[in-house]
Amino acid sequence: MRGQIAFEPIDSDFSAVLIADYTNDDSNGFHSATVDGPAAGSGPWSNARRQVAALRPGGLDIRESLPDQQTYKGDVNPTPQQLHREAFGLALNMSYDFDFATLTSITGYRNGEAFSVYDQTGIGPSNNFGIIVPLLFRSPVREAEDISQFTQELRLVSPEAEGSGFDWILGGYFQHDEVSKDDIISFEIRVPVIPTLNGQSAWFNDGTNESYAIFGQLGYRFNDMFRIVGGLRYSRDEKSGTVQGLALETGDRFTPNDPVPSSPLSPTYVEGGGYTTDYSNSWDQFTPQVTAEFQPNPDILLYATYSSGFKGGGFEDDPANPVAAQSSYDPETVDNYEIGGKFEFFNNRARLNVAAFSMRYKDLQVTQTSDVCLCNITDNAADAKIRGIEAEAQVVPLVGLSLTGGLTLLDTEYIDFTDSVGNVNDGKFLQRTPRYQWNLGARYTTDIGNWIDGFSASVNYNRQGRLSWNPEGSANEPAYGLLSGRISISPTPDLTFSVWGRNITDELYRVNAIAFFGDEASRLGAPRTYGAEVSVRF
57 MRGQIAFEPI
67 DSDFSAVLIA
77 DYTNDDSNGF
87 HSATVDGPAA
97 GSGPWSNARR
107 QVAALRPGGL
117 DIRESLPDQQ
127 TYKGDVNPTP
137 QQLHREAFGL
147 ALNMSYDFDF
157 ATLTSITGYR
167 NGEAFSVYDQ
177 TGIGPSNNFG
187 IIVPLLFRSP
197 VREAEDISQF
207 TQELRLVSPE
217 AEGSGFDWIL
227 GGYFQHDEVS
237 KDDIISFEIR
247 VPVIPTLNGQ
257 SAWFNDGTNE
267 SYAIFGQLGY
277 RFNDMFRIVG
287 GLRYSRDEKS
297 GTVQGLALET
307 GDRFTPNDPV
317 PSSPLSPTYV
327 EGGGYTTDYS
337 NSWDQFTPQV
347 TAEFQPNPDI
357 LLYATYSSGF
367 KGGGFEDDPA
377 NPVAAQSSYD
387 PETVDNYEIG
397 GKFEFFNNRA
407 RLNVAAFSMR
417 YKDLQVTQTS
427 DVCLCNITDN
437 AADAKIRGIE
447 AEAQVVPLVG
457 LSLTGGLTLL
467 DTEYIDFTDS
477 VGNVNDGKFL
487 QRTPRYQWNL
497 GARYTTDIGN
507 WIDGFSASVN
517 YNRQGRLSWN
527 PEGSANEPAY
537 GLLSGRISIS
547 PTPDLTFSVW
557 GRNITDELYR
567 VNAIAFFGDE
577 ASRLGAPRTY
587 GAEVSVRF
């Protein structure tokens, strides 16, 4: 649900908008399916899926998973896989027009909670087919999270200069987050028997994040054709909290007397043992920006810009020991150079935007799943670069018909990056980054009898190139494309009936994959999805 109330007094320079939203989402959790890695047949979980599929009537489709139900420490009954998310937010936007500038205040508050139980591989050693599935291990996860966030921005903006002269922006930003997150991870093994690789570990993490920023921008227009703008932002992030790591129990239902869990907590933590430690760090950065704009006529705008960015550091989610809990990863920074142009043709019936850019990262943050510690690690790549070209076009060849298209080409590279587990990734393409993306779309709107714009239909196709899920490039996603469409009937401007479809061709693709012991634990994108809508404005 979402609603807003606007307050605009007559003959007043003050206005305000209050926006409220609420979301409640319940489902049976994340679908995971483990598929072969580069060496087909070598992975324990994909082999387990094949064994179950051979005995199951109708087999086992790639979109089906068979997660076990886990009994956690202190529970009487198993907990089924599930996902629950609930959140609400308030935003108050107020502005007042002075003679020399407009003062804007944006105040926000958001609170959310989530509870999820999921199996990382989508299949476990227990099944209904009477066979023992040889798995290296299974690792169901239970997560509970509660977060509250307060934000405040104040911004003073001058009128845009006409003809020639200065214009400016001055502002500040504050954000405060309170996060409480509990994680329980189980390791369970049935065949073969590996001593110490079983048990349940838990982390109870209460953290605080505060971010501050002061920013300003000054522009000068020399004439109707040329303008230059410079800006500077100071950002500071402060993160702190307390984390407790606890070995809830050793052993599992298959090997109940195993004495010590080896992972993800350090092996010195016996059942009931653990650690509690505080962590904190802060980072700050100045980030400038300069842009020059040249507009020789109303149909052409050329620009060149230099900008820099800053992303604060942080801490690991489930640290194995106090040293890991107190060790933060560094912030990342980026310098971006861009040139581009915006063009309009044929009496504004065609538009073309093009840009070329080069981005140089320092201490790029890269998250990986490690086979060594059975945990996620965030590294700072020493350096990385991205170069690319972007183009988008829109054409209106006929009344009511609009055609759109876009293209992105990327060339990326890790520079001097050896990760925490010893992989040398120098010169490799950045993970989770496709080499190209393009899209095509069409929309047609026309009258139906006395219904003005009573019919509309649209179709869109988006395609992206091959990408790698990890820095070393051992887990890859082939190129794929998604087709979607919508048809709408509008008897009045305030009433619309629609039918729509997404991924109409039922393309099989992944939104995440983790390479692990010869397998790729994968989360699949949504299959063919369709529906109907009724929209009423009042």
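In terms of my numbering, the sequence shown opens at residue 57 and continues consecutively. Backbone N, C-alpha and C define an ideal beta-carbon position, used for all residues, glycine too. Just so we're clear, the structure is a prediction, and the values are computed from it rather than from any experiment.
By the Cβ-count criterion, V480 is exposed, with fewer than 16 other Cβ atoms from all chains shown falling within 10 Å of its own Cβ. Here R289 is buried. Its C-beta has 16 or more other C-beta atoms within 10 Å. The alpha-carbon separation between N518 and L539 amounts to approximately 7 Å. With a threshold of 16 other beta carbon atoms within 10 Å, R584 falls short and is exposed. Here R119 carries a coil assignment [DSSP, helix/strand/coil].
DSSP, read as helix, strand or coil, puts V197 in strand. In summary, G59 is exposed, with fewer than 16 beta-carbon neighbours lying within 10 Å of its beta-carbon over all protein chains present.
By the C-beta density criterion, R277 is buried, having at least 16 other C-beta atoms within 10 angstroms. Between the C-alpha atoms of V108 and S414 there is a straight-line separation of about 49 Å. Here the alpha carbon of K418 sits roughly 5 Å from the alpha carbon of T389. Contact between V299 and W339 fails: their C-beta atoms lie close to 19 Å from each other, not under 8 Å. Look at the beta carbons and you see the stretch 369 to 385 not touching the stretch 398 to 406: under three pairs across the two are nearer than 8 Å. Contact check for P312 and P190: beta-carbon distance about 20 Å, past the 8 Å limit, so the pair fails to qualify. Within the model, the alpha-carbon separation for S236 versus N261 is close to 6 Å. In the DSSP assignment, G287 forms a beta bridge with Q273, Q345.
Counting the other CB atoms within 10 Å of its CB gives P196 a total of 16 or more, which places it among the buried residues. Residue nearest to Q176 within the set Y586, D503, D575 is D575 (criterion: CA-CA distance). The beta carbons of A89 and S591 sit no closer together than 8 Å.
Residue ranges of uninterrupted beta strand (DSSP E) with 3 or more members, entirely inside the stretch 532 to 567 and ordered along the chain, are 536 to 548, 551 to 558. S102 sits in a helix when the DSSP states are folded into three classes. Less than 8 Å separates the beta-carbon of Y128 from that of R198.
Burial is judged here by how many other beta carbons sit within 10 angstroms of a residue's own beta carbon; V567 has fewer than 16 and is exposed.
Leaving aside the five residues that flank G286 on each side, the residues in its chain whose CB is nearer than 6 Å to its CB run, in chain order, L274, V346. Annotation for A381: the continuous alpha helix (DSSP H) segment containing it runs 378 to 382.
A Cβ-Cβ contact shorter than 8 Å links Q208 with T163. By the Cβ-count criterion, F473 is buried, with 16 or more other Cβ atoms from all chains shown falling within 10 Å of its own Cβ.
Taking S214 as the centre and dropping the five residues before and after it, the same chain places the C-beta of F156, A157, D223, W224 closer than 7 Å to its C-beta, in chain order. Annotated as proximal: Q126 and S242, with beta-carbon spacing under 8 Å. Note on A110: under 16 other CB atoms within 10 angstroms of its CB, so exposed under the neighbour-count rule. In this model, G529 and S257 are separated by some 31 Å (Cα to Cα). Shown here, L486 sits in coil according to DSSP, grouped into three states, outside any helix or strand. Short of 7 Å from the beta carbon of R105, and not among the five residues preceding or following it, lie these beta carbons of its own chain, in chain order: T90, L116, I179. DSSP links K129 through a beta bridge to no other residue. Boundaries of the beta strand (DSSP E) around R499: 492 to 504.
Collapsing the DSSP output to three states places V455 in coil. Within the DSSP secondary-structure output, I356 pairs in a beta bridge with N353, F399.
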